[in-house]
Amino acid sequence: HITAGALMMTAKISKQSLPVLLCSCFWLSACGAENGQPASVDSLFTGGDAATHVVGSDADSGPPSKPGAAKVYLHDPTTDNNQTSEVILTPPTTDDGTLIGPYASVNNCLNETGGLSMESLGFTFGALCKETPTVKPGPDGSYLHVLPPEDTSDPNDGFAEVMMYHHIHAIHDYFKGTHGLTDLDYPLPALVNLNLWFDPEVAAKQGLEGGWVGYPNAAFMPPKGFTNFQLPEREEGYIIFGQYKDLDLSYDATVIYHEYTHAMVGTTRLSGLFADKHGLNNEPGAMNEAFADYFAATMLNHPVIGTYGIAFAGDHLVRDLAVTRRCPEDLTTEIHADGRIFASALWAIRQQVGAGFADSVFLRALQGFTNSTGFEAAALAIVAEAELEDFDRSEQMLLIFKKQGIVGCLRATELQTWQAQNDKDKARFTIEGSKRVGGTFSYGVPAYKQWKLGVPFGTTAVTIRWRAESKGSLNNPNLRLYIAHDEPVLIATTVGGGISAAGFATPEPDPTQKGWQSITLSGACLPKVGTAWMLLTNFGVEPAQIDEIEVKTHQVVPAKDVNLALCKP
């Protein structure tokens, strides 16, 4: 739940604190091609060619205008080199031609007064932009006059509405026309150009600038999701796309397809986390991101997600599904990054067995997933679904899942000196608090993954230091480290259950550096030789986040003034 003060911090968002994305146009030819594979983008237009328009020019190279014709980016401004292509929109159901159709209800969110108020404890501190459709057809019945604005920081442009309307119908027609999915057979509400207005006087008291503030994200918002903005709950879910400086998230088709897939997956599957014997498990959320990335990629037959819509926040956030990731080596605890493990396996399977077969199998298996379906269970369900149709291809799928560590993955990574800022994903190590899990574990809320450390012969002690913070706390996080020898730490899977370990140790604030905690393990904490397994737990309400770790082994136990733990039984 976001307080008024916390929400206003949006006014000074940095790249490090950005939430990561990442939340048919009636084609004139069939959306499905041979074997259920999406047709290539160009083949979806009359004559198999897409007419193009170069942003900033007055010359159109396409055919004469026609009712319902419009210009869109097929991918995004970067991938398409700022060239738009002509499409024919699904006929709107409105009398005036505004972009509300059978499967999309698109509203612009204008930087104007009249939007819903944001309130906290009865106090109004800001407002949402004004929601209204603005785009109408021209005298010839086309929408060709609606082009990308010369000033891409325009917070009210109509081209965003056209992009959204077109691409929502495109992916809806693929899911329904090719795979028979009807869950979203209604006009899905979508907001484009989302901005927030903050009262200047209230903002000034917190040292922030008021006025209109861009929203640097896109998301699928369940009905209760708007309460995160201190706005009333809505009757149905929305997909929302922000305008942030000169970036318009709705200009990226991969982002639209990603968020639409989230809406299709819904809130009854792959949206939770659960505890298993090795710790807290966020693989359902990671797979939700993986499927959203995968179907965005398969729609365009292009494995890169967010070339335009995510890259502004850092190139490391752009997700290339053709880059292989493995479990557990690439686990981070952040679901978008961890989703790349499963998504890269899905893409590799698509390349191996064919897009039509892969997409169909994935979607059929997905219907049986729940909020506690993990990587391995999902992979085996996909393989079983494929086996019903083609045994040989199911074996190929299983081989890929095994090769990428998804079957048989134990969530533990090597404990070593590490900095989030130098990591390929730049993701902090997060240990949730009791607020997120809705209960209290007697041993603290367990981390999403364990650490393992090889202990060479002759090692008498290991010093571990980390820099950590906990939201809303002026003190160091209240953490505990459990240690086991030569096998993982095991926990009970119910709130209030116990834990199986050789012992535990409590880190203390490091007197030499503010924000750091340290602990030196010795005695019964370490095996004489072998592997020490470690699981962090959090006794705080809010999550703890670690962004730097230092590890040092000793042949001689350090001086007694360190935080020495012996893990006596």
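Numbering (our numbering), first residue to last: 1 to 569. Quick reminder that beta carbons are idealized off the backbone N, C-alpha and C, glycines included.
Selection from the options that minimises the alpha carbon distance to residue i
{"i": "Asn563", "options": "Thr333, Asp248, Ala461 and Leu398", "result": "Ala461"}
{"i": "Met118", "options": "Asn228, Lys176, Ser500 and Leu398", "result": "Asn228"}
{"i": "Leu453", "options": "Glu414, Pro216, Val529 and Leu399", "result": "Glu414"}
{"i": "Tyr448", "options": "Leu490, Tyr244, Val87 and Thr463", "result": "Leu490"}
{"i": "Lys176", "options": "Tyr103, Thr553, Val192 and Gly540", "result": "Tyr103"}
{"i": "Asn156", "options": "Thr520, Glu389, Thr132 and His145", "result": "Thr132"}
{"i": "Asn108", "options": "Leu249, Gln206 and Glu376", "result": "Leu249"}
{"i": "Val323", "options": "Ile464, Gly339, Gly314 and Ala313", "result": "Gly339"}
{"i": "Asp390", "options": "Ser372, Ala378, Ser360 and Gln367", "result": "Ser360"}
{"i": "Thr90", "options": "Thr254, Met299, Lys66 and Asp423", "result": "Lys66"}
{"i": "Ala501", "options": "Gln513, Gly354, Ala524 and Met397", "result": "Ala524"}
{"i": "Asp392", "options": "Phe357, Gln404, Ala378 and Thr553", "result": "Phe357"}
{"i": "Lys426", "options": "Ala313, Ala355 and Thr182", "result": "Ala313"}
{"i": "Asp199", "options": "Pro148, Phe125, Asp173 and Gly114", "result": "Phe125"}
{"i": "Thr333", "options": "Ala379, Ala484, Ile546 and Lys435", "result": "Ile546"}
{"i": "Tyr215", "options": "Thr182, Ser85 and Asp246", "result": "Asp246"}
{"i": "His145", "options": "Ala70, Thr152, Asp173 and Ser85", "result": "Ala70"}
{"i": "Gln513", "options": "Leu110, Ala484, Glu548 and Gly497", "result": "Glu548"}
{"i": "Gly458", "options": "Thr553, Glu395 and Arg350", "result": "Thr553"}
{"i": "Arg480", "options": "Gly444, His316 and Asn288", "result": "Gly444"}
{"i": "Ala311", "options": "Tyr251, Met221, Glu283 and Leu116", "result": "Tyr251"}
C-beta atoms of residue i and residue j nearer than 8 Å
{"i": "Ile601", "j": "Arg319", "result": "With the chain covering 1 to 569 only, the question about residue 601 has no answer from this structure."}
{"i": "Ala127", "j": "Met164", "result": "no"}
{"i": "Leu536", "j": "Ile431", "result": "yes"}
{"i": "Phe226", "j": "Glu233", "result": "yes"}
{"i": "Val162", "j": "Tyr186", "result": "no"}
{"i": "Asn476", "j": "Ala468", "result": "yes"}
{"i": "Pro509", "j": "Tyr308", "result": "no"}
{"i": "Asn193", "j": "Ala160", "result": "yes"}
{"i": "Asn195", "j": "Gln230", "result": "no"}
{"i": "Gly211", "j": "His169", "result": "no"}
{"i": "Met534", "j": "Trp466", "result": "no"}
{"i": "Ile400", "j": "Phe342", "result": "no"}
{"i": "Val455", "j": "Gly530", "result": "yes"}
{"i": "Thr98", "j": "Lys136", "result": "yes"}
{"i": "Met397", "j": "Ala412", "result": "no"}
{"i": "Ala365", "j": "Ala381", "result": "yes"}
{"i": "Ala622", "j": "Tyr257", "result": "Residue 622 cannot be examined here, being either before or after the span of the chain that is shown, 1 to 569."}
{"i": "Pro507", "j": "Gly433", "result": "no"}
{"i": "Thr261", "j": "Phe291", "result": "yes"}
{"i": "Tyr174", "j": "Met264", "result": "no"}
{"i": "Gly408", "j": "Ser470", "result": "no"}
Sheet register partners of residue i (DSSP bridge)
{"i": "Phe198", "result": "Gly126 and Gly211"}
{"i": "Ile431", "result": "Ala544"}
{"i": "Gln450", "result": "Ala412"}
{"i": "Arg636", "result": "Given that the chain is displayed from residue 1 to residue 569, the structure contains no residue 636 and the question cannot be resolved."}
{"i": "Asp320", "result": "Val304"}
{"i": "Thr553", "result": "Val462"}
{"i": "Thr520", "result": "Thr463 and Leu564"}
{"i": "Asn605", "result": "Past the boundaries of the shown model lies residue 605; the chain is included only from 1 to 569, so the question cannot be answered."}
{"i": "Lys71", "result": "Glu86"}
{"i": "Ser470", "result": "Ala544"}
{"i": "Leu490", "result": "Ser500"}
With 16 other Cβ atoms within 10 Å as the buried cut-off, status of residue i
{"i": "Gln517", "result": "buried"}
{"i": "Thr493", "result": "exposed"}
{"i": "Glu209", "result": "exposed"}
{"i": "Leu410", "result": "exposed"}
{"i": "Ser61", "result": "Confidence at Ser61 is low in this model, with a pLDDT of 48, below 50, so the placement of that residue is unreliable and no value is reported for it."}
{"i": "Leu121", "result": "exposed"}
{"i": "Thr417", "result": "exposed"}
{"i": "Val54", "result": "Bear in mind that the predicted position of Val54 carries a pLDDT of just 42, short of 50, making it too unreliable to give a figure here."}
{"i": "Asn281", "result": "buried"}
{"i": "Ala565", "result": "buried"}
{"i": "Ser344", "result": "buried"}
{"i": "Val556", "result": "exposed"}
{"i": "Lys424", "result": "exposed"}
{"i": "Ala559", "result": "exposed"}
{"i": "Asn217", "result": "buried"}
{"i": "Leu388", "result": "exposed"}
{"i": "Gly207", "result": "exposed"}
{"i": "Gly438", "result": "exposed"}
{"i": "His404", "result": "Contrary to the premise, residue 404 reads as Gln rather than His in this sequence. With 16 or more Cβ atoms within 10 Å of its Cβ, Gln404 is classed as buried."}
{"i": "Asp183", "result": "exposed"}
{"i": "Lys15", "result": "Unreliable placement is indicated for Lys15, whose pLDDT of 32 sits below 50; the coordinate value is still reported in the next sentence. It is exposed - the Cβ of Lys15 has fewer than 16 other Cβ atoms within 10 Å."}
8 Å Cβ cutoff, residue i in contact with chain C
{"i": "Asn282", "result": "Here chain C cannot be found, since the structure has a single protein chain."}
Give the list of continuous alpha helix (DSSP H) stretches no shorter than 4 residues that lie fully inside the segment 118-182.
159-173
Hey, which unbroken runs of the beta strand (DSSP E) at 3 residues or more fall wholly within the segment 236-302?
238-244, 274-276 and 279-281
Of all the beta strand (DSSP E) runs that stay within the bounds of the segment 374-418, which reach a length of 3 or more residues?
412-414
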